[in-house]
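In the numbering used here, the protein residues as written are 288 to 632.
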């Protein structure tokens, strides 16, 4: 944890966050190197918080489970009714002391999220870092996850995007898409493998799902094959024509349903709409935000070696992203160019 992209970056990031506190806010610091311990009682004194951060030193092991338990206890004991009560976990590696199983950690976190304390996980550095675990425990803690590799990224996550990081506007958000087989013969969701829900869980308000923060937007991208076109899978021997109910609704390509709960609610609300089949007849190249989202999805597929991406190149990814004014989008385009150059080498 001692290298520049680990503890020193954690200190810089959290010190910056300390400067954003209001008189109503309270911050406490728990450490978990080898064993969990409280190093700062709840306070909003920026000088005390930064002094406590300066005293932190790297340890040789990571008792993350015990640290989380203590952090949740401190947060619960100092609950601010009507406020944002959140544990922020900063780590550079896998938990290797005490409770280390991802399943056990998820079970522990699920028992605490209903208390009103949520969880944000922040990853730092490389090596034995377990990104999958950090993302999973944040999901089950009704929170979010970010990886921070620079002071600028820290400013973005804990400064520019603070509202979407901390302030939830909708919880247990679920999306369900049903394609009409008379219009769409094959489809696949790009990514989101660890966010999939069973179909029967969509209407079950007891099943936890993701949260949406203020100013946040989520894009789900499906790749589809129109009925009658050649797809990825050969026609099945026993596959018949679409049911009469599907052909009777041939003007509909898909039915999209969204469920969500208000931040203080326990009963979900339903929004649904139909995607008209006419939108598939003369498809054009995506534009604007959707074009950029599609280029990011293609970049992920490319890095994973997805054979279904065929000969779509890093240059194609950059062209699809288009010209961007936003610094962070420009950085993505530079990453795609760098990856393309490395591939040629």
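The beta carbon of each residue, even a glycine, is placed where N, CA and C say it ideally should be.
| query | result |
| --- | --- |
| Start and end of the alpha helix (DSSP H) containing residue 329? | Residue 329 -> not in any alpha helix (DSSP H); beta strand (DSSP E) instead, spanning 324–330. |
| Please give me, in chain order, every unbroken run of the alpha helix (DSSP H) with length at least 4 that falls completely inside the region 527–580. | 531–534 |
| Starting from residue 469, trace the alpha helix (DSSP H) both ways and give me its first and last residue. | Neither: residue 469 is in no alpha helix (DSSP H) and is coded neither H nor E. |
| With a threshold of 16 other CB atoms inside 10 Å of the CB of residue 399, please say whether the residue is buried or exposed. | buried |
| Just checking my contact of residue 406 with residue 370 at CB under 8 Å: how many whole Å lie between their CB atoms? | Wrong, their Cβ atoms sit about 16 Å apart, outside the cutoff. |
| Am I right that residue 376 and residue 323 are in contact with their C-beta atoms under 8 Å? What's the rounded C-beta distance? | Their Cβ separation, rounded to whole angstroms, is 12 Å, which puts residue 376 and residue 323 out of contact at 8 Å. |
| Return the chain-ordered list of same chain residues with a C-beta closer than 8 Å to the C-beta of residue 556, the five sequence neighbours on each side being excluded. | 546, 547, 548, 549 |
| Using C-beta distances below 6 Å, list every residue in its chain close to residue 588, excluding the 5 sequence neighbours before and after it, in chain order. | 596 |
| Looking at the structure shown, is residue 390 part of a helix, part of a strand, or coil, going by DSSP? | helix |
| Buried or exposed: residue 479, going by 16 or more other Cβ atoms within 10 Å of its Cβ? | exposed |
| Is the number of C-beta pairs between the region 523–541 and the region 487–496 that are closer than 8 Å three or more? | no |
| Cα-Cα, which of 313, 516, 396 is closest to residue 474? | 516 |
| Can you list, in chain order, the residues of its chain whose CB lies under 8 Å from that of residue 395, leaving out five sequence neighbours each side? | 352, 355, 356, 386 |
| Under a three-way DSSP split, which group does residue 244 fall into? | The question about residue 244 has no answer here: the residues shown for the chain are numbered 288 through 632. |
| Using three-state DSSP, classify residue 452 as helix, strand or coil. | helix |
| Is the distance from the Cβ of residue 313 to the Cβ of residue 295 below 7 Å? | no |
| Do the region 577–591 and the region 522–531 make contact, defined as three or more Cβ pairs closer than 8 Å? | no |
| Can you say whether residue 421 is buried or exposed, counting buried as having 16 or more other CB atoms within 10 angstroms of its CB? | buried |
| Assign residue 373 to one of two classes, buried (16 or more other C-beta atoms within 10 Å of its C-beta) or exposed (fewer than that). | buried |
| Nearest-angstrom Cα distance between residue 564 and residue 460? | 26 Å |
| Tell me, which residues are paired with residue 497 by DSSP? | 460 |
| Taking the alpha-carbon positions, what's the residue 520 to residue 319 distance? | 50 Å |
| Closest by CA to residue 602, which one among 615, 612, 618, 625? | 625 |
| Let me make sure I understand the geometry here. Which of 554, 568, 584, 559 has the alpha-carbon closest to that of residue 538? | 568 |
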